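Numbered per the working numbering, the sequence shown spans residues 1100 to 1369.
Virtual Cβ for every residue (Gly too), placed ideally from N, Cα, C.
Note that this is a predicted model, so its numbers are computed, not measured.
So the structure is just underneath, and the comments pick up after that.
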Amino acid sequence: MFAKTWNGKLDLPPAPEKDFWEEVIPAVKAKNPDFKFLGEVYWDMEWKLMQQGFDYCYDKTLYDRLKNETAKTIRAHLQADWDYQKHLIRFIENHDEMRAVKAFGKERSKAGAILILTLPGARMIHEGQMKGCGIKLPVQLGKRAYEEEDQELLEFYLRLINASPGKEFENGNWSLCKADPVGGFSNTNLIAHIWIKESHRRLTVVNYSPYPAKGHIKIPNINYGNNDWSFGDLLNYETFVYQGENLQNHGLYVELEAWKGHIFEIKKNK
1100 MFAKTWNGKL DLPPAPEKDF WEEVIPAVKA KNPDFKFLGE VYWDMEWKLM
1150 QQGFDYCYDK TLYDRLKNET AKTIRAHLQA DWDYQKHLIR FIENHDEMRA
1200 VKAFGKERSK AGAILILTLP GARMIHEGQM KGCGIKLPVQ LGKRAYEEED
1250 QELLEFYLRL INASPGKEFE NGNWSLCKAD PVGGFSNTNL IAHIWIKESH
1300 RRLTVVNYSP YPAKGHIKIP NINYGNNDWS FGDLLNYETF VYQGENLQNH
1350 GLYVELEAWK GHIFEIKKNK
């Protein structure tokens, strides 16, 4: 970045044989193996820092697409290689950006939160985000204005955290899911992905748009057989039962209002 900024403006000295982090990170980890390096990095430099040893780097691309773009470009970003995805920090709010409820609007911020708290990588929640704080605080300010808590939003986040895939999916298999159309309704705004580890299965589906959406979600890596399957929605406290043959042939039918989502725990019925 120094060379890109100053090349042609200064007589630059020769670059060092090794970048700073290539020497520092191994030395720190030799003494403290569990120490984690997190990089607040932009300008498409994330992969370079990961290769130099950073455990996680900001996923600013996802933040920008969640705030400004559509489900199509979000899905495209999530098709990156696993070795890249698992080292990203997912967020919709931090100390530099506007508060999520202001930048996204409340309902869109909830849809974004469902995604960032279920995707691979590190998951970051900013102070005050769960309570719906709307005032962006300068980091050097030692005081703040009083804000009323948004109790409904706080309860949503508590449900979401409890529903999100946790340690039980560590080293599990993660994949995006395809959404097929239903009738004349749009399926293009549905984003779906699944975590699988042994008998644990956690499916997330989000309608990332201001319009209703329907679709059949094709879930990979499940052998349905002739069993019935239960889909327990951990976010909305509902359970749906489907025949395995129907799931195999058509996929999981979903119908979601604007900015809504499901987090399903999938179980084979006995």
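Query	Result
Member of 1296, 1152 and 1221 whose CA lies at the smallest distance from the CA of residue 1271	1296
Beta-ladder partner(s) of residue 1342, from DSSP	1327
Beta-carbon contacts of residue 1221 that lie in its chain and below 6 Å, excluding the five residues immediately before and after	1155 and 1188
Cβ contact check for the region 1250-1262 and the region 1279-1297: 3 or more pairs under 8 Å	no
Buried/exposed call for residue 1217, threshold 16 Cβ in 10 Å	buried
Same chain, Cβ closer than 7 Å to residue 1201, five either side skipped, listed in chain order	1233
Alpha helix (DSSP H) runs wholly inside the region 1186-1240, at least 4 long, in chain order	1199-1202 and 1205-1215
CA nearest to the CA of residue 1143, picked from 1158, 1268 and 1235	1158
Beta-carbon proximity list for residue 1207, same chain, < 7 Å, skipping 5 on both sides	1358
Nearest-angstrom Cα separation, counted from residue 1178 out to residue 1315	20 Å
Residue 1130: first and last residue of the uninterrupted alpha helix (DSSP H) it sits in	1119-1130
For residue 1294, the residue or residues it bridges with in DSSP	1273 and 1301
Nearest candidate by alpha-carbon position, reference residue 1268, set 1291, 1299 and 1192	1299
Distance between residue 1192 and residue 1224 (C-alpha atoms, nearest Å)	7 Å
Close-in-space but distant-in-sequence residues of the same chain around residue 1342 (CB under 7 Å, 5 per side omitted)	1327
Whole-angstrom distance between residue 1181 and residue 1252, CA atom to CA atom	31 Å
Beta carbon of residue 1334 nearer than 7 Å to that of residue 1293	no
Beta-carbon proximity check, residue 1370 vs residue 1211, cutoff 7 Å	Outside the shown range of the chain, which is 1100 to 1369, sits residue 1370, and nothing can be said about it.
Where the alpha helix (DSSP H) through residue 1145 begins and ends	1145-1150
Neighbour flag for residue 1334 against chain D, beta carbons, 7 Å	Reference to chain D is not applicable here, since this structure consists of a single protein chain.
Where residue 1116 falls, given that 16 or more other Cβ within 10 Å makes a residue buried	exposed
Residue 1197 burial status per 10 Å Cβ neighbour count (16 or more: buried)	exposed
Check whether residue 1360 and residue 1215 have beta carbons under 7 Å apart	no
Supposed contact pair residue 1322 and residue 1344 - C-beta distance, whole angstroms, cut 8 Å	Contact flag wrong, Cβ pair sits at about 12 Å.
One or two residues paired with residue 1278 in a DSSP bridge	1316
Own chain residues within Cβ distance below 8 Å of residue 1248, not counting five before or after	1230 and 1231
Residue 1313 and residue 1354 closer than 7 Å at C-beta	yes
With 16 other Cβ atoms within 10 Å as the buried cut-off, status of residue 1151	buried
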